[in-house]
Structures are given as C-alpha cells and as structure tokens.
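Quick note on our numbering: the sequence shown kicks off at 9 and runs consecutively. All residues carry an ideal CB built from backbone N, CA and C; glycine is no exception. None of the values given here were measured: they were computed from a predicted structure.
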Amino acid sequence: MFAGHLGQLELAGATLANSWATVTGFAFMVGLSGAIETLCGQGFGAKLYNILGIHLQAACITSFLFSVIISFVWFYTEPILIFVHQDPQIAKAAATYMKFLIPGVFAYGFLQNILRYLQTQLVVWPLVLFSAIPLAIHIGLAYC
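Quick look at the structure:
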C-alpha cells in the first residue's frame, strides 16, 4: 500500500519482490516447519517433553541453513528475474526490495518453528499477544 505512494516503478518492484519472496522463501519456510508440528505433537502426546526441545533445535538449525541458501537466491534476484524475461527496471527495483527482506527470512524461519513448537503444547496466548502488539504499533506508526 505504501509503495504505491513512491511511484509506479516502485510499486511494481515491490509487488514482484513480494511474489518472488513468497514463492522462493516464505512458503518454503512454512513447509520446512511443518515437520516440527508432527514430531512435537507426537512427543507431547507421549509425554516425552525432552524430545520437544531437540526437535525445535534441529528445526532451527535446518531453517538457518536453508535461509542462507535462500539469501543467496534473493541476493541475485535481479539477474534471475531478467533471465525469466521481466522488465529490467522492475527487476532492479525488486532486487533492491529483496535485499532488505533477507534478514526477514531468517526471522520468519525461526518464528514458524517456535510457533509450531508452542502450538503443539497448546500454548497459544503468547502467540496472540505477540501478534497484537506489532499490529497496534504498525497502526500507530502508519496511520497516525
């Protein structure tokens, strides 16, 4: 929404970058964290609580390693998008946007793992609280 205030090129670049980030990074991280939901759910049901932490640690290490790989792909977004016949100006704007998203893929991977780790233990109130706080801050910063 706010990229549109900068201009058409920036809006097109941000839109392309968001699509590219979702396909090559964020959706991938959600898929990687799906295993922890099953494994921790089984461990919690069997009352093997010590195994939950082991699964979380393994998932975080795996997410970190894949985030490094995704970061390289995102860093070279411009030549990849040009290779698939995107407009060079839009590809350049998208690549700039993607470079700022690189730290987010690391955080998103860890977030997805911790989210599923807590959900399998029926702990949901911290998730609700820590989703509402940034929402309130964002509304205050963006619209006031």
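Three or more beta-carbon pairs separated by less than 8 Å are not found between the stretch 102-112 and the stretch 50-57, which leaves the two stretches without contact.
Here Leu17 has Gln97, Ile98 and Ala101 as same chain residues with Cβ atoms under 8 Å from its own Cβ, once five neighbours each way along the sequence are excluded. Under the three-state reduction of DSSP, Gly15 is assigned to coil, being neither helix nor strand.
His63 counts as buried, since at least 16 other C-beta atoms from the protein chains shown sit within 10 angstroms of its C-beta.
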